[in-house]
Amino acid sequence: MAGCSCGGDCETNLIYACSGAANTGLLADQVMRALNRDGVGASTCLAAMGADLSGFIQSAQSATRNIVLDGCKVSCGAKIFQKNGIAYQHYIMIDYGVEKGKTPITGDLIETVAEQIAAKIQA
């Protein structure tokens, strides 16, 4: 996540996930946790952003990257960032072959999607 070296610049990647009621929200949440575990970024609270909590808004404004993981095309997470005028990278779980309400969320699926998103973030 943070590429700090002596006197170098530090990167702060913050990761926000939809945790909606559908399987796609579950996948977004679990992918966020995998990316956090793998050091791609730090998990933080999308609900706090939606509630306009100032500390979370300020953190997002100062982050190197805000990574928003939405479950479906409704894109609630992206809309929160758009409303606040904060830059973000957007990834939608159904774009990874997951069918809302149908695809079982397995450990293998979580790892596969996390790896694909990590590669895009780190490119």
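As numbered in the numbering used here, residues 11 to 133 make up the sequence shown, in order.
For each residue, glycine too, the CB sits at the ideal point set by N, CA and C.
Fair warning: this is a prediction, and the values are worked out from it, not measured in the lab.
Please list the terminal residues of the continuous alpha helix (DSSP H) segment that includes residue 88. Position 78 of the sequence shown, counting from 1, holds the residue named residue 88. Its alpha helix (DSSP H) spans residues 86-94.
Environment of residue 45 [buried if 16+ CB atoms lie within 10 Å]: One-based indexing of the sequence shown puts residue 45 at position 35. So residue 45 counts as buried.
For residue 27, tell me which candidate among 50, 82, 20 and 56 has the shortest Cα-Cα distance. Counting from 1 along the sequence shown, the entry for residue 27 is found at position 17. Residue 56 is the option with its Cα nearest to residue 27.
So for residue 102, helix, strand or coil by DSSP? In the sequence shown, the residue the question calls residue 102 occupies position 92. When secondary structure is reduced to three states using DSSP, residue 102 falls in the strand class.
Same chain, Cβ closer than 6 Å to residue 124, five either side skipped, listed in chain order: Taking the first residue of the sequence shown as position 1, residue 124 is located at position 114. Excluding sequence neighbours, residue 124 sits near 41, 44 and 45.
Round the Cβ separation of residue 25 and residue 54 to the nearest angstrom and send it over; I've been treating them as touching at under 8 Å. Walking along the sequence shown from the start, residue 25 turns up at place 15. Walking along the sequence shown from the start, residue 54 turns up at place 44. 7 Å between Cβ atoms; contact.
Verify whether the separation of the beta carbon atoms of residue 50 and residue 94 is less than 8 Å. Stepping through the sequence shown from its first residue, residue 50 is reached at position 40. Stepping through the sequence shown from its first residue, residue 94 is reached at position 84. Contact: no.
Short of 8 Å in beta carbon distance, which residues of its chain neighbour residue 32, apart from the five on each side in sequence? Order them along the chain. Start at 1 with the first residue of the sequence shown, and residue 32 comes out as number 22. If we look at residue 32 and ignore the five residues flanking it on each side, its Cβ neighbours are 81, 82, 110 and 111.
Would you list the residues sitting across from residue 73 in a DSSP beta bridge? Locating residue 73 in the sequence shown gives position 63, counting from the first residue. Paired residue(s): none; residue 73 is not in a bridge.
Return the Cβ separation of residue 98 and residue 127 in integer angstroms, given the expectation that the two are a contact with Cβ distance under 8 Å. Walking along the sequence shown from the start, residue 98 turns up at place 88. Walking along the sequence shown from the start, residue 127 turns up at place 117. About 13 Å; that fails the 8 Å criterion.
Please classify residue 119 as buried or exposed, where buried requires at least 16 neighbouring CB atoms within 10 angstroms. Locating residue 119 in the sequence shown gives position 109, where the first residue counts as 1. Classification of residue 119: buried, given that the 10 Å Cβ count is 16 or more.
For residue 39, count the other beta carbons within 10 Å of its own beta carbon; 16 or more makes it buried, fewer makes it exposed. Which is it? The count along the sequence shown starts at 1 and reaches residue 39 at position 29. Buried, since its Cβ has 16 or more Cβ neighbours within 10 Å.
With H, G and I counted as helix, E and B as strand and the rest as coil, what does DSSP make of residue 1? Any property of residue 1 remains undetermined from this structure, which presents the chain solely from 11 to 133.
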